[in-house]
Amino acid sequence: MLNIKPAVHPGTLSVAIIGIRNVIPSLDLFPIKKLYCKFDISGDSKEPIITNKHPVKGGSCNIFEIISVEIAVPLDIDYCPVLTVYAYDNLMGFLGSRLVGVTTIPLKKYA
Numbered sequence: 139m140l141n142i143k144p145a146v147h148p149g150t151l152s153v154a155i156i157g158i159r160n161v162i163p164s165l166d167l168f169p170i171k172k173l174y175c176k177f178d179i180s181g182d183s184k185e186p187i188i189t190n191k192h193p194v195k196g197g198s199c200n201i202f203e204i205i206s207v208e209i210a211v212p213l214d215i216d217y218c219p220v221l222t223v224y225a226y227d228n229l230m231g232f233l234g235s236r237l238v239g240v241t242t243i244p245l246k247k248y249a
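Dropping the structure here:
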């Protein structure tokens, strides 16, 4: 059987999260209370990394966390993964969480 996965070597991805600015709720019915982020790496079967919950004040949320995750870095940079960051609002616990925003960061230029 042909293996189509690229050759990889172990590596560590570390990201310093400062905060999120200009947070505006899509509906004014439920203002944004506490934000947390979920980090997911494309092609990785590990569980995503989730930050602690942080309060939003004046449309800004200071997170100040450093996350580190062991990843498989492809030897050919054309196959570098993409880091997807999801920002969620924790709605009073019992209402669950709502997605506030998503961004992707291609890791190719950092390889």
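In our numbering, the protein residues as written are 139 to 249. Just so it is clear, CB atoms sit at the ideal spot from N, CA and C, and this is done for glycine as well.
Asked: Quick one: what's got a C-beta closer than 6 Å to Glu203's C-beta in the same chain, skipping five residues either side?; Found: Ile155 and Thr189
Asked: Tell me the DSSP secondary structure of Ile215 in three-state form.; Found: helix
Asked: DSSP three-state label for Lys191, please.; Found: coil
Asked: In chain order, what residues of the same chain have a beta carbon less than 8 Å from the beta carbon of Pro144, not counting five sequence neighbours either side?; Found: Pro212, Leu213, Asp214 and Tyr217
Asked: If we ignore side chains and look at the alpha-carbon of each, how far apart do Pro169 and Pro163 end up?; Found: 6 Å
Asked: With a threshold of 6 Å on Cβ separation, who are the neighbours of Lys176 within its own chain once the five nearest residues in sequence on each side are excluded?; Found: Pro186, Ile188 and Tyr224
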